[in-house]
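Here the structure is laid out as structure tokens; the discussion comes afterwards.
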């Protein structure tokens with residue numbers, strides 16, 4: 765099952781969620797998890813947290829290349845995000861779940877990730893949803909990991925927060941933080957979305973997915 769992206773595979777008649785092979789027009793090949801059953805299908809999932817099975821406290825190289833199990837917890841890889849969002853315009857949808865099984869979402873009508881030489885800067889369009897526009901604070905920011913501090917904070921957000929992300933003056937969203945169970949104390953180190961449950965509440969499930977427009 766090969767397509768140029770998940771939307772192409774959907775258009776070819778593939779309608780089940782799962783791991784597919786993506787081959788770009790110029791021959792670059794990668795594996796990706798496609799969400800074919802929700803929100804109209806054709807989504808390439810780029811991040812998922814669900815059970816704490818995958819360590820997300822990893823360095824620049826891992827986030828650049830991607831890591832994890834595409835059927836469980838993973839990060840697709842910033843080089844892949846840069847490549848795919850450079851080929852076509854994309855939208856982004858983020859879904860969140862707390863430990864009471866409540867869900868919220870954030871949608872951005874444009875999403876792209878810049879080149880590694882520029883530190884994978886994030887570009888977002890307009891927000892809609894019910895989670896709160898927490899990634900507005902990350903728009904235009906460069907990606908940071910504990911071993912590459914590219915944020916605007918005088919300290920080191922990726923280490924202080926424990927989470928690789930597009931940190932600006934710290935952040936309101938930290939979906940790659942430590943997988944904790946609900947409320948916690950101390951540093952803002954969990955998997956959080958400030959506008960919904962606050963910085964000291966670590967979410968149960970998160971998923972980020974993008975789709976070609």
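Numbering (my numbering), first residue to last: 765 to 977. Every residue gets a Cβ at the ideal spot worked out from N, C-alpha and C, and that includes glycine.
Where residue i falls, given that 16 or more other Cβ within 10 Å makes a residue buried
i: residue 795; result: exposed
i: residue 876; result: buried
i: residue 825; result: exposed
i: residue 912; result: buried
i: residue 882; result: exposed
i: residue 968; result: buried
i: residue 777; result: exposed
i: residue 906; result: buried
i: residue 833; result: exposed
i: residue 971; result: buried
i: residue 918; result: Caution applies to residue 918, whose pLDDT of 45 falls short of 50 and renders its modelled position unreliable; the model cannot decide the point.
i: residue 801; result: exposed
Limits of the unbroken beta strand (DSSP E) element including residue i
i: residue 854; result: 854-861
i: residue 949; result: Neither: residue 949 is in no beta strand (DSSP E) and is coded neither H nor E.
i: residue 887; result: 886-888
i: residue 893; result: 891-893
Strand pairing of residue i, partner residues [DSSP]
i: residue 969; result: 861
i: residue 909; result: 912
i: residue 974; result: 808 and 856
i: residue 767; result: 786
i: residue 761; result: Any answer about residue 761 is impossible in this case: the structure gives the chain only from 765 up to 977.
i: residue 877; result: 886
i: residue 937; result: 957
i: residue 929; result: 908
i: residue 872; result: 856 and 891
Extent of the continuous alpha helix (DSSP H) to which residue i belongs
i: residue 961; result: 958-961
Ignoring anything shorter than 4 residues or poking outside the segment 778-852, list the alpha helix (DSSP H) runs there in chain order. 824-829 and 842-851
With three or more C-beta pairs closer than 8 Å as the rule, is the segment 849-866 touching the segment 821-841? no
Quick check: the segment 801-820 against the segment 888-897, are there 3 or more CB pairs under 8 Å? no
Can you find at least 3 beta carbon pairs, one from the segment 929-947 and one from the segment 780-791, that sit closer than 8 Å? no
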